[in-house]
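Data block below; observations after.
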Amino acid sequence: MGQVTEDLGTAYAAALDTVLRGAHLMPPDELPDLATAGGSHLGATATVLWVVDYEQVTLVPLLERGSEPRERQSVDGTLAGRAFRTVEPVESEAPGGRRLWLPLLDGVERLGVLEVVVETSEPVLPDALHRAFGQLAHLLAELLLSNNAYTDHYEWFRRQQAMTLSAEMQHALLPPLTFGTDRVVICGLVAPAYEVGGDAFDYALNGNIAHVAVFDAIGHGLQSSLLATLAVATYRSSRRAGLDLAESAHRIDRALHETFGSERFVTALLGQLDIDTGVFRWVNAGHPAAMLLRGTQVVKELDGDPCLPLGLNGLTGDGPQGFTVTSESLEPGDRLLLITDGVDEARTQDGEFFGRTRLAEFAAREAASGLPTPEVMRRLQQAILRHQTGRLQDDATTLFIEWLTGRNERLGL
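See the structure below:
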C-alpha cells in the first residue's frame, strides 16, 4: 500500500479512468469485475459490491463470475449494515490488512455498500485513501443505478422471494425511495415489499415547490394496483401540466370514475411544500391525516377539511371546487409523516392496533435519534412489521418530508 499512498493522485486517476472507460460498453453483469479493476489501482485486493434487498433487512453481494459464494449480511448487527444504516465509512481489521465498508449512494438514496480490502501493516487507512475509495463508491453507485435499467441481473440479487404481479407493477411505479437537497429531504417505503398491491407514493421537486402524494386504492391485488397506477399516472400528468392541487385532485377523481365507475376509489393526500417559506398546502381525499413532527414531539395532526375519496366526487358534480386546500406553516427542521391506513391499523394476532399514539411516539423517538431520515423510515417500517409478526394484513406506506433551511448540511444524513 505504501506505493499507492505515495502517488495516490495518479492511482485515483487510473481507478476512475478504468471504471469510466470500462463502463462505456460494459454488459451490466460485469459491473463487479469493473469494481475490482478500479479498486486494484488503489491497492485493494478485494472490491465487492453489496446491494440491499427490497425489505432493507439484508445486504447481498454482487459477485464476479466464477467467484466463491458469500454469505449475505444483515443490515442490523454487522459492520456492513452499520455503514448502510449510518451512511458513514466503517473500517476494521482484515487478514493481512484492513477492511473498509462504504455506503453506495445515489444522492441520498441508499443502494447498498462497497467492501474493499487493502493489504497493509498500518493500524488505520489514511484519510486520503478513505476519500479515494469513497469517490469510487459514488461512481459505482451511479453505474449500478443507471445499468439497472438495462438488465434484470441486479433485481435477481435484491429479491429474496417471488414478487406478485401487483407488487411488480407498484415497484415499477414508484420514484426512488429517497431524495434530498440542502432544502428538503423526501423518503418513502411501502410494505409488504413482495405483495404490495394498492399503495403508492410519488414526489417531484420543481423549482421551490416539493410536490408529494400518497395513494391507497381500495381492495387488494391486481385490481387495486390498476387503480393506484391510474391515480399516480393522472397525478403526474396533472402536475406536469401545471394544475393546482384542487384541479389535480379533480382530474384524478374524474379519470378513476370514468374508468372504474362508482364502486372503486382511492384515498389520497396531495401536498405541496414551498421550500423557501415552509408553507405546506394539501388536499385530503378520505385519507389519514399527516402528522407534524417538531424536534422530539408530534405537535399536531394536519386534519384540514377531508373530501370524498378520489373516484367518488364525480357523483356530486362539484368539480375542482369540491376539493378543499388547507395550509400550514412549518418551522425549519420540521418533518411531516404521511401514511396509509395499513400503518396505524396494523394489529397483532390478539387484535391490538399499532395505532396513531404508538406511531407518533415511535416517529418522535427515532426522529430525535440523529439517524439519517432514510434509516428512521426503515426502522419505522420494521417496527410495524414486528408488530404483526412480519405479516401485514394490509399495505403500509410511509412518507417523510423534512424541511431544511439551506444552512443545515446534513441533507437528512
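Taking our numbering, the leading residue of the sequence shown gets 5, the next gets one more, and so forth. All C-beta atoms in this analysis are idealised placements derived from N, C-alpha and C, irrespective of residue type, glycine included.
Exercise. Can you round the beta-carbon distance between glycine 282 and glycine 184 to whole angstroms, since I take them to be within the 8 Å contact cut?
Worked result: 17 Å between Cβ atoms; not a contact.
Problem set entry | Candidates Pro65, Val91, Arg390, of which the one nearest arginine 162 by Cα | Across the set Pro65, Val91, Arg390, the C-alpha of Pro65 shows the shortest separation from the C-alpha of arginine 162.
Exercise. Rounded to a whole number of angstroms, what is the C-alpha to C-alpha distance between glutamine 77 and arginine 89?
Worked result: 13 Å
Problem set entry | Endpoints, alpha helix (DSSP H) assigned at alanine 364 | 359-371
Problem set entry | Test: arginine 369 CB closer than 8 Å to a CB of chain C | Protein chain content of the structure displayed is limited to a single chain, and chain C is not contained in it.
For this session: List the endpoints of the continuous beta strand (DSSP E) containing glycine 111.
Result: Element bounds for glycine 111: n/a, residue is neither H nor E.
For this session: Would you mind working out which of Asp280, Leu274, Glu59 sits nearest asparagine 212, comparing C-alpha positions?
Result: Asp280
Problem set entry | Segments of 4+ residues assigned as alpha helix (DSSP H) that fall wholly inside the stretch 218-289 | 225-244, 249-264
For this session: Quick one: residues in its chain with C-beta nearer than 8 Å to the C-beta of alanine 17, no 5 flanking neighbours on either side, listed in chain order?
Result: none
For this session: Could you spell out where the beta strand (DSSP E) holding tyrosine 207 opens and where it closes?
Result: Element bounds for tyrosine 207: 203-210.
Exercise. For valine 91, which of His261, Glu262, Val79, Glu97 has the nearest alpha-carbon?
Worked result: Val79
Problem set entry | Extent of the continuous beta strand (DSSP E) run through glutamate 305 | That run of the beta strand (DSSP E) goes 301-306.
Problem set entry | Per-residue burial, leucine 384 [other beta carbons within 10 Å of its own, 16 or more giving buried] | buried
For this session: Ignore the nearest five residues each way along the sequence and tell me which others in leucine 143's own chain have a CB closer than 7 Å to its CB.
Result: Non-local beta-carbon contacts of leucine 143 in its own chain, meaning distances under 7 Å to residues more than five positions away in sequence, involve Leu20, Val23 in chain order.
Problem set entry | 7 Å Cβ shell around leucine 417 - same chain, five flanking residues per side excluded | Residue placement at leucine 417 cannot be trusted, given a pLDDT of 41 that sits under 50; what the coordinates show is reported in the next sentence. So the qualifying residues of the chain are Val91, Val112, Pro376.
Exercise. On the three-pair Cβ rule with 8 Å, is the stretch 140-154 touching the stretch 208-227?
Worked result: no
Problem set entry | Exposure of asparagine 317, with buried meaning 16 or more beta-carbon neighbours within 10 Å | buried
Exercise. In this structure, what does DSSP give as the bridge partners for proline 65?
Worked result: Trp54
For this session: Can you grab the Cα-Cα spacing for the pair valine 55 / glutamate 199, in whole Å?
Result: Straight-line spacing of the CA atoms in valine 55 and glutamate 199 works out to 20 Å.
Exercise. Run through DSSP, which three-state label would glutamate 332 get?
Worked result: strand
Exercise. Assuming alanine 48 and valine 94 make a contact with CB atoms under 8 Å, what is their CB distance in whole Å?
Worked result: Not quite, the Cβ-Cβ distance comes to about 16 Å (not below 8 Å), so this is no contact.
Exercise. When you compare each of Ile343, Arg268, Asp257 to alanine 294 by their alpha carbons, which one comes out closest?
Worked result: Among Ile343, Arg268, Asp257, the Cα nearest to that of alanine 294 belongs to Ile343.
Exercise. Is it the case that the Cβ atoms of methionine 381 and phenylalanine 404 are separated by a distance below 8 Å?
Worked result: yes
Problem set entry | Span separating the alpha-carbon of leucine 178 from that of valine 236 | 9 Å
Problem set entry | Close-in-space but distant-in-sequence residues of the same chain around valine 117 (CB under 7 Å, 5 per side omitted) | So the qualifying residues of the chain are Trp54, Leu63, Ala84, Ala87, Phe88, Trp105, Leu106, Pro107, Leu108.
Problem set entry | 7 Å Cβ shell around leucine 147 - same chain, five flanking residues per side excluded | Ala27, Leu35
For this session: Note the first and the last residue of the continuous alpha helix (DSSP H) segment covering arginine 86.
Result: 83-90
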